[in-house]
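Going down the list, the sequences are from chains A and B.
Count along the first sequence starting at 1, add 73, and that's the number in our numbering.
Count along the second sequence starting at 1, add 75, and that's the number in our numbering.
Built from N, CA and C at the ideal position, the CB exists for glycine as well.
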Amino acid sequence: DTGVSQNPRHKITKRGQNVTFRCDPISEHNRLYWYRQTLGQGPEFLTYFQNEAQLEKSRLLSDRFSAERPKGSFSTLEIQRTEQGDSAMYLCASSSSGWSGNQPQHFGDGTRLSIL
Amino acid sequence: DQQVKQNSPSLSVQEGRISILNCDYTNSMFDYFLWYKKYPAEGPTFLISISSIKDKNEDGRFTVFLNKSAKHLSLHIVPSQPGDSAVYFCAASSSTSGTYKYIFGTGTRLKVLA
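So, in structure tokens, the structure goes:
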């Protein structure tokens, strides 16, 4: 179990640029989640994949945001035309389905995005 | 609309004593609750969970209590150790959502004094 891996750990970019983050979940986990965390807040749900299917997107996810999980393995989160308000920690989490449906999500260490 | 609330931003406890962290929720559809610990520059680490069919779950020094009628859960850490100093988040989910996404509180910063 190598855990959830996220790259890069830190991204600094100018406003208006596009950025892409990658998440490698725990290998046997079919559920993958993206969350966003800002200072003083808990993580907020952005989107959910079951295998390769994106089944839910939060209203926080504007049309500048897109996420993919090709082949149900790693996932990418892209932000186009970044804005100051996009500065945050972006967290990826994965879990298995389990017999009860409720299984704890395991988080990566996140990608911290800073918009200049 | 904050569905999960942690009303104490911080808590200081002497080493060896009990730490009690509290969490309240408003959505009666929540049926799975968790506590995570977060160190700076790291992602949240899963600590312990409880299903709504139970009122207590214990794992070593950590015990979570669930009071469904009060929509309240708490995390007890006994005995507290300096390494427990971190930010603690409670989270809740509903199996009816189909996605099992988590709603998090805003966190409580625990400081264990040596």
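{"Query": "Per DSSP, which one or two residues make a beta bridge with A/Met-162?", "Result": "A/Gln-110, A/Arg-185"}
{"Query": "Less than 8 Å separating the beta-carbons of A/Pro-98 and B/Phe-121?", "Result": "no"}
{"Query": "Locate the beta strand (DSSP E) running through B/Thr-183, then write down its first and last residues.", "Result": "183-188"}
{"Query": "Just list the residues that DSSP pairs A/Arg-104 with in beta bridges.", "Result": "A/Gln-123, A/Ser-168"}
{"Query": "If we call anything under 8 Å between Cβ atoms a contact, is A/Cys-165 one with A/Val-92?", "Result": "no"}
{"Query": "Taking only beta carbons into account, state which residues of the segment 174-188 of chain A come closer than 7 Å to chain B, listed in chain order.", "Result": "Gly-174, Asn-175, Pro-177, Gln-178, His-179, Phe-180, Gly-181, Asp-182, Gly-183"}
{"Query": "Do the segment 144-163 of chain A and the segment 112-128 of chain A meet, that is, are 3 or more Cβ pairs less than 8 Å apart?", "Result": "yes"}
{"Query": "Please check if any C-beta of chain B sits within less than 8 Å of the C-beta of A/Tyr-163.", "Result": "no"}
{"Query": "Please list, in chain order, the chain A residues whose beta carbon lies closer than 7 Å to that of B/Tyr-163.", "Result": "Correct list: empty, because the minimum Cβ distance to chain A is about 10 Å."}
{"Query": "By how many angstroms is the C-alpha of B/Gly-182 removed from the C-alpha of B/Asp-109?", "Result": "Before going on, a small fix: residue 109 of chain B reads as Leu here, not Asp. Computed Cα separation, rounded: 12 Å."}
{"Query": "For A/Glu-151, which residues in the same chain have their Cβ closer than 6 Å to its Cβ, ignoring the five residues on either side in sequence?", "Result": "Thr-93, Ser-139"}
{"Query": "Less than 7 Å between the CB of B/Asn-97 and some heavy atom of the ligand ZN, yes or no?", "Result": "Inclusion of the ligand ZN in the displayed structure is not the case, the ligand content being empty and no account of it being possible."}
{"Query": "Going by DSSP, name the residue or residues bridged to A/Val-77.", "Result": "Bridge partners of A/Val-77: none, in fact."}
{"Query": "What in chain B is Cβ-close to A/Gln-114, meaning under 7 Å?", "Result": "Thr-181"}
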